[in-house]
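These notes are about the structure you will find just below.
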Amino acid sequence: MTQEARRKAEEAEEAKNKTYETAQQAKEKTQSTMNQVKDKAEQEAEEARRNAQEAAEKTKETAQAGKEKTSGILQQTGETMKNVAQGAADAVRSTIGMAKNDDQDDPYYRETNTTTRTNTGTTGAPGTGNYPRNRNY
Numbered sequence: 775m776t777q778e779a780r781r782k783a784e785e786a787e788e789a790k791n792k793t794y795e796t797a798q799q800a801k802e803k804t805q806s807t808m809n810q811v812k813d814k815a816e817q818e819a820e821e822a823r824r825n826a827q828e829a830a831e832k833t834k835e836t837a838q839a840g841k842e843k844t845s846g847i848l849q850q851t852g853e854t855m856k857n858v859a860q861g862a863a864d865a866v867r868s869t870i871g872m873a874k875n876d877d878q879d880d881p882y883y884r885e886t887n888t889t890t891r892t893n894t895g896t897t898g899a900p901g902t903g904n905y906p907r908n909r910n911y
């Protein structure tokens, strides 16, 4: 082989090696950049997951507190309605002379229920002496 051909072959080999090195450097740089992007994405995904978990926990706590408060309010309302209904029923019974016997022992009942009953007949109807609820014992 001639010296000229040898020199061109060496130059071609050097160009090939330089191209290979440049490609290898580009590959390494790309790989490094990809790893950085991947790490950053993983960090942000983890942070988003933590934030979502915290928000879900706060929402759960708020919902539980609201549930407990609502339950308490509903229970109080139910008790109030029960007491109002019982009071109304007792008032109606007292008005028509069907009050419970234990009400007559209650000092409040005696003070507020001062109506006097009179017996006007013997038919056995309410308001008469023969009706068992109207008898004075």
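Residue numbers (our numbering): 775 to 911.
Yeah, the Cβ is synthetic: ideal placement off N, Cα and C, and Gly gets one too.
query = Terminal residues of the continuous alpha helix (DSSP H) containing I847?
reply = 777 to 869
message = Could you tell me the alpha carbon to alpha carbon distance between Q777 and E784, rounded to whole angstroms?
response = 11 Å
Beta carbon proximity, K790 to chain C, threshold 8 Å = Looking for chain C here will not work: only one protein chain is present.
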